[in-house]
Every structure is written in structure tokens, then in C-alpha cells.
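Residues in the sequence shown are numbered consecutively from 77, following my numbering.
The beta-carbon is built from N, C-alpha and C at its ideal position, and this holds for glycine as well.
Here the structure is laid out as C-alpha cells; the discussion comes afterwards.
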Amino acid sequence: RIIASKMMLRSVGVGRTFASTSGFDKVGVVGLGLMGHGICQVAATRSTVIAFEPEQRFLDKGRERIEKSIAKLVAKDRMSQDDADATFNRITFTTDTADLADADFIVEAVIENMDLKQDLYENLGKICVPDTIFASNTSSLSITEMAAFSGRPHNFVGIHFFNPVQIMKLVEVIRTEDTADHVFQKAHAWVSEIGKVPVSCGDTPGFIVNRLLVPSLMQAMAMVDRGEASVKDIDISMQLGAGHPMGPLHLADYIGLDTCQYIVEGWTSKYPNEPSFFVPQSLKDRVAAGNIGRKSGKGFYHWNGDRRGDPAEY
Numbered sequence: 077r078i079i080a081s082k083m084m085l086r087s088v089g090v091g092r093t094f095a096s097t098s099g100f101d102k103v104g105v106v107g108l109g110l111m112g113h114g115i116c117q118v119a120a121t122r123s124t125v126i127a128f129e130p131e132q133r134f135l136d137k138g139r140e141r142i143e144k145s146i147a148k149l150v151a152k153d154r155m156s157q158d159d160a161d162a163t164f165n166r167i168t169f170t171t172d173t174a175d176l177a178d179a180d181f182i183v184e185a186v187i188e189n190m191d192l193k194q195d196l197y198e199n200l201g202k203i204c205v206p207d208t209i210f211a212s213n214t215s216s217l218s219i220t221e222m223a224a225f226s227g228r229p230h231n232f233v234g235i236h237f238f239n240p241v242q243i244m245k246l247v248e249v250i251r252t253e254d255t256a257d258h259v260f261q262k263a264h265a266w267v268s269e270i271g272k273v274p275v276s277c278g279d280t281p282g283f284i285v286n287r288l289l290v291p292s293l294m295q296a297m298a299m300v301d302r303g304e305a306s307v308k309d310i311d312i313s314m315q316l317g318a319g320h321p322m323g324p325l326h327l328a329d330y331i332g333l334d335t336c337q338y339i340v341e342g343w344t345s346k347y348p349n350e351p352s353f354f355v356p357q358s359l360k361d362r363v364a365a366g367n368i369g370r371k372s373g374k375g376f377y378h379w380n381g382d383r384r385g386d387p388a389e390y
């Protein structure tokens, strides 16, 4: 069973005075996908950003996503054209990792594959100046393991944004038992500087939000498996009884049932004695059939794009 250690309780910063400024003038962002392009955009509101993708086609796609996102903010009068131009002009797009070598802070937002992250951090650990601080935007993998790959675990934090990055205010800032105090404080301050709300957490699976959220989704699916309540009634109950904006099965479909299964299977493999980590049969069956929710058009519900339909018979 996962129990927070005294070290973890001390480490997350309860009662701690945080640094007033990060001192991050040059920020690197590795990966310009769904999360990375948003991180790049918000980081560029206050500092120079080096945006990295290993292939030009992915770099171009990331650039296009940022351009469109900024244009939407201008169209909705949420950003002036001058600020939009200044933000975009602070970003340098590159396929050369050498351009990251002198960054103050590098945020990694590549796919959730530990082998890929290991190769990345081993390389960055070799080419970056000693003071560079690394941060992973992972939502489910161990910060401690990635920190070890970098060769500088004292200069490593987790910094978990939520989708869409440009809108969602919360950012979880995660430290390990090796993270230096001043490193954690700088990362925490940077989140505030880019207009987000930082919360502090130790390196527990899923951090705060997903550690509480994902097991609750699994419990909802287990109720379906046992025939205790219908998909529709479970979701209505959590909306009207708990004040949630959408029910757990609706949310699981929206996230992607494949993503949910990937996260939980990783946790069950690593923490086999944790009873809150299990994979419900209804989840296994739907993913095996390719019915992964919103992305495939069917999961616990039928979907038409982002529009949810009636519960799907299964």
C-alpha cells in the first residue's frame, strides 16, 4: 500500500516560503504535441522559449498549433495583437538539441513512454549546462526514475499541466526525495509567473488529481461490471449528487479508454498490492474491441465528434 513518508510530507512544501522569482529567462520545451504546444505558448508570455521536436514535420505542426491558438485568443479579445506578436516572436523553433544546451529550465512533454524519456534525459544530461533544471509533464510515470536517467536528480521536478494548457489554471509541481529545495522553489515560482496556480506534491502515482480521479473512474466501471447501476444513472448521480460537471464514465470516454487502461495497467504492474489500482472488465472489453470513447465514436457512450450521444449497448 502506498503511504506518504515523512520525507515526502516534508518535501512537498507545506508551510514553506517559496522563491519570489524563478530566474528562468530561457525555457526549453521538448515536444509540441497536444500538451507541449500549449506549454510552449504560455511559457513564451514571459521568457524566451526554445521549442524542440526531433523531426521538421512535427515542429511545423507544433508551430501551426501555436499560431492558431494565439490567433483565437486575439479574435476573442483575450490577447492584444501586440502581445500576440511578442509572444510568438519569443519562440525559436528547432530540431537541434544543441539549442537547448544553455536553457535555464527544460519542460519535457513527449509521449508517455519511459524508454523514449530515458534516451531523452540521458542525452540532455550530457549536453546541458550543469545549472539547467529539468521538468517532466508526465501524468503517470515516476519522476524519480526520470530524474535518475538525467544524471542530475537534484535538478529535476515534475510539472504537470492540464489540458487545454492555455485555459486550465492548475499545475502540479512534484518533487522527489532528491530534488534540491531551491530547484523546487524556482519551478513553483515559474508556474505563478506564467499565470497558473501551482500546487505541491510528492512523487506519488498520479500526483494529486489523477491519484484521486483515476481510481474513482475505475470504481464507476466496476459498478457497471457488477450490474449495480446503469452507465447513465452513475453519471447523473455524480453530476447532481456530487456537483461534478460530467459523470465518471462520460469523463473516461472523453479522456480515452485506452489512456485510462494504460495508466492503470502501469500502476497495477508497479504497485500490485494497492487495492485501489485495478482494471475493470468493462474497460478491458471496450479497449480490446477498439471502442475507446470519444476518439473512436463509441465507448460507454456513442459519440459524434465531441458530442456525446446515448449510452452504448455492450
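Measuring only the C-alpha atoms, how far is residue i from residue j?
{"i": "D309", "j": "R133", "result": "45 Å"}
{"i": "A296", "j": "P321", "result": "16 Å"}
{"i": "E389", "j": "T255", "result": "49 Å"}
{"i": "V267", "j": "V106", "result": "17 Å"}
{"i": "G104", "j": "A179", "result": "6 Å"}
{"i": "L288", "j": "G282", "result": "8 Å"}
{"i": "K148", "j": "N213", "result": "24 Å"}
{"i": "P387", "j": "H264", "result": "42 Å"}
{"i": "L359", "j": "Y347", "result": "19 Å"}
{"i": "V355", "j": "F210", "result": "32 Å"}
{"i": "L327", "j": "D361", "result": "18 Å"}
{"i": "D158", "j": "N286", "result": "37 Å"}
{"i": "I146", "j": "A160", "result": "6 Å"}
{"i": "A162", "j": "T121", "result": "8 Å"}
{"i": "G99", "j": "A151", "result": "32 Å"}
{"i": "I219", "j": "I270", "result": "22 Å"}
{"i": "E350", "j": "K371", "result": "30 Å"}
{"i": "V125", "j": "G317", "result": "44 Å"}
{"i": "D172", "j": "L135", "result": "11 Å"}
{"i": "L246", "j": "F238", "result": "7 Å"}
{"i": "R141", "j": "D301", "result": "40 Å"}
{"i": "F225", "j": "E198", "result": "5 Å"}
{"i": "A223", "j": "D101", "result": "22 Å"}
{"i": "Q315", "j": "A174", "result": "49 Å"}
{"i": "G373", "j": "K202", "result": "44 Å"}
{"i": "G323", "j": "A177", "result": "45 Å"}
{"i": "C116", "j": "H258", "result": "23 Å"}
Using CA coordinates, which residue listed in the options is at the minimum distance from residue i?
{"i": "N367", "options": "A298, G332 and T163", "result": "G332"}
{"i": "T170", "options": "P229, R139, A151 and D159", "result": "R139"}
{"i": "V183", "options": "K374, L196 and A160", "result": "L196"}
{"i": "G109", "options": "S226, P130, A305 and S123", "result": "P130"}
{"i": "L325", "options": "V285, G375 and K360", "result": "G375"}
{"i": "H236", "options": "K193, D153, A365 and G112", "result": "G112"}
{"i": "D334", "options": "V363, S352 and I312", "result": "V363"}
{"i": "M244", "options": "K262, V233 and K272", "result": "K272"}
{"i": "A127", "options": "V249, M294 and F164", "result": "F164"}
{"i": "V205", "options": "S345, N231, T168 and A223", "result": "N231"}
{"i": "A185", "options": "S156, Q337, W379 and G234", "result": "G234"}
{"i": "S215", "options": "G342, Y377 and E253", "result": "G342"}
Identify the continuous beta strand (DSSP E) that holds residue i and give its terminal residues.
{"i": "C277", "result": "V273 to G278"}
{"i": "I270", "result": "Segment: none, I270 is in no beta strand (DSSP E) and carries neither H nor E."}
{"i": "A211", "result": "I209 to S212"}
{"i": "H236", "result": "F232 to F237"}
{"i": "E184", "result": "F181 to E184"}
{"i": "I250", "result": "L246 to R251"}
List the endpoints of the continuous alpha helix (DSSP H) containing residue i.
{"i": "N286", "result": "V285 to R302"}
{"i": "I203", "result": "M190 to I203"}
{"i": "A305", "result": "Run containing A305: none; DSSP gives neither H nor E here."}
{"i": "I219", "result": "I219 to S226"}
Tell me whether residue i is buried or exposed, calling it buried when 16 or more other Cβ atoms sit within 10 Å of its Cβ.
{"i": "Q357", "result": "exposed"}
{"i": "P291", "result": "buried"}
{"i": "P274", "result": "buried"}
{"i": "M299", "result": "buried"}
{"i": "V241", "result": "buried"}
{"i": "R45", "result": "With the chain represented from 77 up to 390, any question about residue 45 goes unanswered, as that position is not in the structure."}
{"i": "I187", "result": "exposed"}
{"i": "L192", "result": "exposed"}
{"i": "G319", "result": "exposed"}
{"i": "R77", "result": "Its pLDDT being 37, under 50, R77 is placed unreliably by the model, and the measurement read from it follows with that caveat. So R77 ends up on the exposed side."}
{"i": "D382", "result": "exposed"}
{"i": "G227", "result": "exposed"}
{"i": "R251", "result": "buried"}
{"i": "S156", "result": "exposed"}
**Study point:** Continuous beta strand (DSSP E) assignments of at least 3 residues falling wholly in the stretch 98 to 168
**Key:** 102 to 106 and 124 to 128
**Study point:** Whole alpha helix (DSSP H) elements within the stretch 332 to 382, 4-residue minimum
**Key:** Fully enclosed alpha helix (DSSP H) runs of 4 or longer: 333 to 346 and 357 to 364.
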